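Trainee: First the structure, which I've put down as structure tokens, then a few questions once you've had a look.
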Amino acid sequence: MKVDVVVIGGGAAGMAAALKASEQGARVVLVERDERVGGILNQCIHNGFGLHYFREELTGPEYAERFKKALEEKDIEVLTNTFVKALDVREKKLVVVSEDGIRILETKALVYAAGARERTFGSLMIPGDRPSGIFTAGVAQRFMNVENRLPGKRALILGSGDIGLIMARRLTLEGVEVVGVVERLPYPGGLLRNVIQCLEDFGIPLFLSSTVVEVRGRERLEEVVVAKVDENFQPIPGTEKVFEVDTLILSVGLIPQIELLEDSVEVNPTSKGIATSNLGQTSEGWIFAAGNCTVIYDLVDYVTYEGEMAGKYAALYAKGERFGPKVAVKAGENVMVVQPNWYDPSEELTLYVRTRKVIEKGRLVVGSFEKTFEELVPSEMMRVKIPRRYLNGLSEIVVEVKEE
Amino acid sequence: MSALKRLVCVQCPLGCKISVELSDTNRILSIVGNRCPRGEEYARDELENPKRVLTTSVRVLNGEYPLVSVKTNKPVPKNLVPELMKTIRNLKVEAPIECGSVLVEDVLGTGADLVATRTVRRAKG
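Residue numbers (my numbering), protein chains in the order written: chain G, 4 to 407; chain S, 924 to 1048.
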């Protein structure tokens, strides 16, 4: 099959990209490995989505459904239960596998929108047994919200990112006793609003500067040992506390999923995701990328904006348009993550920035652009539009946050 | 004498930091820090009768999926949430269900409807 744009991944970024590419007149195929499009939104049944993009507050499934409906109305071929097995970067061909067998897709442009994976228990190197009852938060969320299964009866949560906090509430509402949330940092990883409405509302304790040092259990998890940590995150002997739980939920971070492309395109050194320009274009001209496979975003609304951008420019690329030249964007003082990797003056530069540490009052400096922010925390991403006039004539754009 | 009460608005992910000035009789003198009217409403409710939007799911019969996600279409008193969960746990609805359809009107007399937040088609065969 020959098409203009193939989109890999039917989550928020992929759906937005497919729609925008189709609006530009491109013939689009969307490949999704799950049985339906929507991605992680399908299992995020809580609200808080869409305030930027739709100017109203939606739950995850509602947000996804708007895009699903729009996809159905457009002439976009959606291949569900389909997996991309291989990519031939030079020939612009993809090998896809489904129940129907193997197919080759030939395309002019590609939008890679494969999202992220959760950091697993295995990667944490926690000593002890390897019983059942240990789940990543996303897996537990899918069990509860999509498949109607409870992961256990008494749970401890490791990691206070938003997913961990939201799962603490979800488990509590469904009758699971949540004995606490453990966070190795001295402050919560998720939004303050989630600490309030997910933990404080239900009296769930938050153990800061603490971590899990051992898991015990023969068949099923029986005990989790938690200890305080020092400033280097090393457990402090003598501070151990034993929790009798049958379930441990891990909310310890997301990792951009880049396997299919990592040998073919450049990677953003700050996010470990696929490096892109502000158009979503990667170092391989015909390949675009957007969403959590480029950087872990805070809000799905941002993912939608960047998905649309990648979809639009992938379609223009397929029509024969070329863009550039690009100016490198680099992380400077106090900046841990910055997206995009390059600035292409075809569009204004929208920066996504995470600071390296908590900064009470900081000045974002980009070229001749400056803006003051208060109470910057690494867990909350800044989104800032930099007007073109501040970037004229720069051979490199360094993004810095100066402490005031 | 007045006292200052600090809140973080939970109405949206912006999380405005709101300061409420209270008189010694606990009357609200001023509310500052909110970036929209919902913040002011939240601050008043939070001090008098805290409310939350409840999101959960309801069992589906003969659907392509076993659950339909639901929400209350407006914030409900926080102290009624356990009672609401009990009611919702015993609910079963027959597929198909359209996203946006009302499953329970005025649930437990809260004035809020329980609304489906996804479409669940009927199972094939």
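C-beta atoms are modelled at their ideal positions from N, C-alpha and C, and glycine is treated no differently.
Bear in mind the structure is a predicted one, so any value in this text is a computation, not a measurement.
(1) Comparing the C-beta of Leu176(G) with each C-beta of chain S, is any distance below 9 angstroms?
(2) Could you pull out every residue in the same chain whose Cβ sits closer than 7 angstroms to the Cβ of Arg967(S), ignoring the five residues on either side in sequence?
(3) What's the gap between the Cα of Asn45(G) and the Cα of Gly1034(S)?
(4) Tell me which residues share the same chain as Ile105(G) and place their Cβ nearer than 7 angstroms to its Cβ, disregarding the 5 neighbours each side in the sequence.
(5) Please name the residues in the segment 113-131 of chain G whose beta-carbon is closer than 8 angstroms to at least one beta-carbon of chain S, in chain order.
(6) Whole angstroms are fine: how far does the CA of Leu264(G) sit from the CA of Ala24(G)?
(7) Secondary structure at Gly986(S), three-state DSSP: helix, strand or coil?
(8) So Leu211(G) and Gly136(G) are supposed to be a Cβ contact under 8 angstroms. How far apart are they, rounded?
(9) Look up Gly183(G) in the DSSP assignment and give the residues it is bridged to.
(10) Going along chain S in order, which residues have a C-beta closer than 7 angstroms to the C-beta of Gly51(G)?
(11) Which bits of chain S does Pro348(G) rub up against, with CB to CB less than 7 angstroms?
(12) Whose Cβ in chain S lies nearer than 9 angstroms to the Cβ of Ile400(G)?
(13) Starting from Ile166(G), trace the alpha helix (DSSP H) both ways and give me its first and last residue.
(14) Any beta carbon of chain S sitting closer than 9 angstroms to that of Ala67(G)?
(15) Rounded to whole angstroms, what's the CA-CA distance from Pro189(G) to Glu234(G)? Just pull it up for me.
(16) Does the separation of the CB atoms of Val368(G) and Gly396(G) fall below 9 angstroms?
(17) For a quick check, are the C-beta atoms of Tyr346(G) and Val330(G) less than 9 angstroms apart?
(18) Return no unless some Cβ of chain S is closer than 9 angstroms to the Cβ of Asn197(G).
(19) Would you grab the beta carbon distance between Gly370(G) and Leu394(G) for me? Rounded to a whole angstrom, and I think it's under 8 angstroms.
(20) Quick check: the Cα distance between Ala117(G) and Lys111(G), rounded to an integer number of angstroms?
(21) Please list, in chain order, all residues of the same chain as Val933(S) whose beta carbon is under 8 angstroms from its beta carbon, the five residues on each side excluded.
(22) Is any non-hydrogen atom of the ligand ADP found closer than 8 angstroms to the C-beta of Pro328(G), if you look at the structure I gave you?
(23) Assuming Thr250(G) contacts Pro154(G) under a Cβ cut-off of 8 angstroms, what Cβ separation, rounded to an integer in Å, is found between them?
(24) Looking at chain G, is there any beta carbon in it that lies within less than 9 angstroms of the beta carbon of Val976(S)?
(25) Taking Gln200(G) as the query, report the chain S residues whose CB atoms sit under 7 angstroms from its CB, ordered along the chain.
(26) Of all the CB atoms in chain S, is at least one closer than 9 angstroms to the CB of Glu2(G)?
(27) Is it buried or exposed, Ile239(G), if we count other Cβ atoms within 10 angstroms and call 16 or more buried?
(28) Any idea if Ala293(G) is buried or exposed, counting beta-carbon neighbours within 10 angstroms, 16 or more meaning buried?
(29) Closer than 8 angstroms by beta-carbon distance: list the chain G residues that pair up with Pro989(S), in chain order.
(30) Among the residues of its own chain, which have a CB less than 8 angstroms from the CB of Arg1045(S), if the five just before and after it don't count?
(31) Mind listing the chain G neighbours of Ser1062(S)? Cutoff is C-beta to C-beta under 7 angstroms, in chain order.
(32) At a Cβ threshold of 9 angstroms, is Leu194(G) touching chain S?
(33) According to DSSP, which residues form a beta bridge with Gly258(G)?
(34) Checking contacts by CB at 9 angstroms: is Arg967(S) closer than that to chain G?
(35) Taking all protein chains shown into account, decide if Ala321(G) is buried (16 or more other Cβ within 10 angstroms of its Cβ) or exposed.
(36) Does the CB of Leu282(G) have a neighbour CB from chain S at under 9 angstroms?
Mentor: A quick look at the data gives this:
(1) On the first sequence, residue 176(G) is found 173 positions in, with the first residue counted as 1. Answer yes: the Cβ-Cβ gap between Leu176(G) and chain S drops below 9 angstroms somewhere.
(2) Along the second sequence, one-based indexing puts residue 967(S) at 44. These residues qualify, in order along the chain: Ile951.
(3) Taking the first residue of the first sequence as position 1, residue 45(G) is located at position 42. Taking the first residue of the second sequence as position 1, residue 1034(S) is located at position 111. Each residue's alpha carbon lies about 27 angstroms from the other.
(4) In the first sequence, counting from the first residue as 1, residue 105(G) sits at position 102. Excluding residues within five positions, the ones whose Cβ falls inside 7 angstroms are Val98.
(5) none
(6) Residue 24(G) sits at position 21 when you count from the first residue of the first sequence. Residue 264(G) sits at position 261 when you count from the first residue of the first sequence. Cα to Cα, Ala24(G) sits roughly 21 angstroms from Leu264(G).
(7) Here residue 986(S) refers to the residue found at position 63 when the second sequence is read from its first residue. If DSSP states are grouped into helix, strand and coil, Gly986(S) belongs with the strands.
(8) As a working note, residue 211(G) is residue 208 in the first sequence. As a working note, residue 136(G) is residue 133 in the first sequence. Their Cβ separation, rounded to whole angstroms, is 24 angstroms, which puts Leu211(G) and Gly136(G) out of contact at 8 angstroms.
(9) Taking the first residue of the first sequence as 1, we reach residue 183(G) at position 180. Note: Gly183(G) sits in a beta bridge opposite Leu159(G).
(10) Against the first sequence, residue 51(G) aligns to sequence position 48. Within chain S, the residues near Gly51(G) are Cys935 and Pro936.
(11) By 1-based counting over the first sequence, the position of residue 348(G) is 345. Per Cβ cutoff of 7 angstroms: no residues; Pro348(G) is ~30 angstroms from chain S at best.
(12) Taking the first sequence and counting its residues from 1, the one referred to as residue 400(G) is at position 397. Here the premise fails: no neighbours, minimum Cβ distance about 27 angstroms.
(13) In the first sequence, the residue the question calls residue 166(G) occupies position 163. It spans Asp165 to Leu176 - the alpha helix (DSSP H) in which Ile166(G) sits, taken as one unbroken run.
(14) Working through the first sequence from its first residue, we reach residue 67(G) at position 64. Yes, because at least one Cβ of chain S sits closer than 9 angstroms to the Cβ of Ala67(G).
(15) As a first step, residue 189(G) must be located in the first sequence, where it is residue number 186. As a first step, residue 234(G) must be located in the first sequence, where it is residue number 231. Taking the straight line from one Cα to the other gives about 9 angstroms.
(16) Taking the first residue of the first sequence as position 1, residue 368(G) is located at position 365. Taking the first residue of the first sequence as position 1, residue 396(G) is located at position 393. Not in contact: Val368(G) and Gly396(G) (Cβ atoms no closer than 9 angstroms).
(17) If you number the first sequence from 1, residue 346(G) lands on position 343. If you number the first sequence from 1, residue 330(G) lands on position 327. Yes.
(18) Translated into the one-based positions of the first sequence, residue 197(G) becomes position 194. With 9 angstroms as the cut-off, Asn197(G) counts as an interface residue toward chain S.
(19) The residue labelled residue 370(G) in the question sits at position 367 within the first sequence. The residue labelled residue 394(G) in the question sits at position 391 within the first sequence. Indeed, because the Cβ distance is near 5 angstroms, the residues count as touching under 8 angstroms.
(20) As a working mapping, residue 117(G) is identified with position 114 in the first sequence. As a working mapping, residue 111(G) is identified with position 108 in the first sequence. Each residue's Cα considered, the two are about 19 angstroms apart.
(21) Stepping through the second sequence from its first residue, residue 933(S) is reached at position 10. Same-chain partners within the cutoff: Tyr965 and Arg975.
(22) In terms of ligand content, the structure shown is empty, and the ligand ADP therefore cannot be addressed.
(23) Within the first sequence, residue 250(G) is the residue found at index 247, counting from 1. Within the first sequence, residue 154(G) is the residue found at index 151, counting from 1. Correct: roughly 5 angstroms between the Cβ atoms.
(24) By one-based count along the second sequence, residue 976(S) stands at place 53. Val976(S) counts as touching chain G.
(25) Within the first sequence, residue 200(G) is the residue found at index 197, counting from 1. Near Gln200(G) (Cβ distances below 7 angstroms), the residues of chain S are Val933 and Arg975.
(26) An answer regarding residue 2(G) cannot be provided, because it is not within the stretch 4 to 407 covered by chain G.
(27) Here residue 239(G) corresponds to residue number 236 of the first sequence, with the count starting at 1. That one is exposed.
(28) As a working note, residue 293(G) is residue 290 in the first sequence. Result: buried.
(29) Along the second sequence, read from residue 1 onward, the residue named residue 989(S) stands at position 66. By Cβ distance, chain G contributes Glu150 and Asn151.
(30) Mapped onto the second sequence, residue 1045(S) falls at position 122. A distance below 8 angstroms between beta-carbons, with the five flanking residues on each side excluded, links Arg1045(S) to the following residues of its chain, in chain order: Asn985, Gly986, Glu987, Ala1018 and Pro1019.
(31) No answer is possible for residue 1062(S): the residues shown for chain S start at 924 and end at 1048.
(32) Counting from 1 along the first sequence, the entry for residue 194(G) is found at position 191. With respect to chain S, the C-beta atom of Leu194(G) has a partner C-beta closer than 9 angstroms.
(33) By 1-based counting over the first sequence, the position of residue 258(G) is 255. A small fix is needed here, since residue 258(G) is Ile in this sequence, not Gly. According to DSSP, which records beta bridges pairwise, Ile258(G) is partnered with Arg120(G).
(34) What you label residue 967(S) is simply residue 44 of the second sequence in a count that begins at 1. Not closer than 9 angstroms to any Cβ of chain G, the Cβ of Arg967(S) fails to qualify, so no.
(35) As a working mapping, residue 321(G) is identified with position 318 in the first sequence. The residue in question, Ala321(G), is buried, as its Cβ has 16 or more Cβ neighbours within 10 Å.
(36) Translated into the one-based positions of the first sequence, residue 282(G) becomes position 279. No - not a single Cβ of chain S is within 9 angstroms of the one on Leu282(G).
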